[in-house]
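In the UniProt record's numbering, the protein residues as written are 1 to 546.
Below is the structure:
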């Protein structure tokens, strides 16, 4: 048809297809031709789709789905209501709401477990294993990474901020970030200066609908005085003009005078050319330091432009301390313990969890005792840049409890594995103590013995898994791999989106069958952690055993 001939790209899925066109006129013609077209007795529905998210970019700060009831608010208020909907509530009330939401999600999980014929739990006991929510030590200006879209505001002027609009009606615009309390003042000043810079260049923002313009996005990663910025642009036709623009961009933002006159500091500058949202992400270093650094639980981490890192460092310390706490409690007979009556529980520092006190030494897990023959394999699945595993092993090492522990990190993304190896080395963890491998977890599970040190064998080792998957969870093959790894008696599952973790958790707990081999796990405890104050989101740390 004429639609297929004019389309730049077609993606087909079950029950639907996406067409990309070079111009808005072609898209309009396609909708007119396809909408209500009758095929085999059924009518097609054709409409505008919202732009495809940029590959590898964070979607958590977006106003795309803000409700129409906010349309009469000023643009600054819209961004605040959309990005930080709980910002006007006292923090204690925010935590109560998140705990209530966790209780509702747990009730839904209980139903799914029941439907899957999981008989190893009693609904009442499982609900009692939901512990008090752990708050973030920092609730204002806590985000260390933000991605700001360049576009037009409601009045057609240049704006750098968050996207809002009805994509089905071919409308979207950008709202400013001024009133968003989760963004630091320094980030806001950098964005304001970036707007000035764009205006001075004379190059317009990229328009998704007619695919014209230059500026797409500004990404800021901020760790105190270490600040990285990444400009994402639509490739310019004249390469020489783009080279001049890159040079000016780098010089402007690395100028030391900015610290005194503009009250911000940039230490690392990158450039990213992106024609299509699904293109491979390539970062070009154009000025300053190549990396920035951050510290969590006394472990130092190198952060590259595309590396995942928890967006709230202070809350990440709470999260990782919670994981360490669950790791340390594995040998303690805690099954059936219930949470106290409080709504909020503060976290213990890592050093407190690894105390030298006689009380701690008496209850120290057996797998950390040097006179025990059994080795412990800490299996960090979806390890990313290795932050969780490195934090745990470094904490053990500082207290000289690491003698029998080996860390194996598994990650699909090779670049992340390179960062993980570097981070381990920076924290004085070497080959005899840890290894990071790029590949499918289910495949690596089958060859673990070939990876372990010569004096260590999987069959004689205690295996403790930590699984920190992407937002949507992991593939079934990873869950099946965990189930069939018989020596893994304990698994700590970390979910940044608990409502999407229910399938993974249910499959881990299903009765043994032809499809789900291996003994099932059962849920021992769930700890909500508030990683995103002012928003509706929180994370879960789920301890499973079998």
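Glycine included, each C-beta is placed from N, C-alpha and C at the ideal position.
| query | result |
| --- | --- |
| Nearest-angstrom Cβ-Cβ length linking residue 84 and residue 181, presumed shorter than 8 Å | 6 Å |
| Residues that residue 495 bridges to, as DSSP identifies them | 540 |
| Contact the region 267 to 284 vs the region 487 to 498: 3+ CB pairs below 8 Å | no |
| Residue 407 to residue 441 span [Cα, whole Å] | 14 Å |
| Burial state of residue 119 (16 or more Cβ within 10 Å) | exposed |
| Counterpart residues of residue 302 in DSSP-defined beta bridges | 293 |
| Pick from 238, 220, 173 and 48 that is closest to residue 143, judged by C-alpha positions | 220 |
| Own chain residues within Cβ distance below 6 Å of residue 538, not counting five before or after | 98, 528 and 530 |
| contact_flag[the region 509 to 523, the region 292 to 310] where n(CB pairs < 8 Å) is 3 or more | no |
| Sub-8 Å separation of residue 377 and residue 461 beta-carbons | yes |
| 7 Å Cβ shell around residue 273 - same chain, five flanking residues per side excluded | 233 and 235 |
| Burial state of residue 30, where buried means 16 or more other Cβ atoms lie within 10 Å | buried |
| Euclidean distance between Cα positions of residue 185 and residue 269 | 19 Å |
| Buried versus exposed call for residue 375 [16 or more other C-beta atoms within 10 Å across all chains shown] | buried |
| Inter-residue CB distance, residue 486 and residue 450 (contact presumed, cutoff 8 Å) | Not confirmed; about 18 Å, so no contact. |
| Local conformation of residue 444 per DSSP, three classes | helix |
| Residue 338 versus residue 321 - alpha carbon distance | Bear in mind that the predicted position of residue 338 carries a pLDDT of just 43, short of 50, making it unreliable; the figure below should be weighed with that in mind. Distance between the alpha carbons of residue 338 and residue 321 is about 20 Å. |
| Residue nearest to residue 109 in terms of C-alpha spacing, selected from 91, 463, 130 and 445 | 130 |
| Bounding residues of the beta strand (DSSP E) (the contiguous stretch that carries residue 8) | 7 to 13 |
| The region 476 to 485 contacting the region 394 to 401, beta-carbon criterion three pairs below 8 Å | no |
| Spatially closest choice to residue 147 from 153, 176 and 155, by CA coordinates | 176 |
| Alpha-carbon spacing of residue 20 relative to residue 9, whole angstroms | 5 Å |
| Member of 515, 514, 535 and 543 whose CA lies at the smallest distance from the CA of residue 505 | 543 |
| Inter-residue spacing [alpha-carbon to alpha-carbon] between residue 155 and residue 266 | 31 Å |
| Residues near residue 195 in its chain [Cβ-Cβ closer than 8 Å; skip 5 each side] | 158, 159 and 160 |
| C-alpha gap between residue 251 and residue 179, whole angstroms | 29 Å |
| Three-state class that DSSP yields for residue 264 in the structure shown | coil |
| Three-state secondary structure (DSSP) of residue 123 | helix |
| Residue 173, enclosing beta strand (DSSP E) - first and last residue | 173 to 175 |
| Residue 14 versus residue 44: straight-line alpha-carbon distance, rounded | 14 Å |
| With 16 other Cβ atoms within 10 Å as the buried cut-off, status of residue 304 | buried |
| Integer Cβ distance of residue 102 from residue 498, believed to fall under 8 Å | 7 Å |
| Cutoff 6 Å; reference residue 326; Cβ partners in own chain excluding five residues on either side | 492 and 543 |
| Bounding residues of the beta strand (DSSP E) (the contiguous stretch that carries residue 217) | 215 to 223 |
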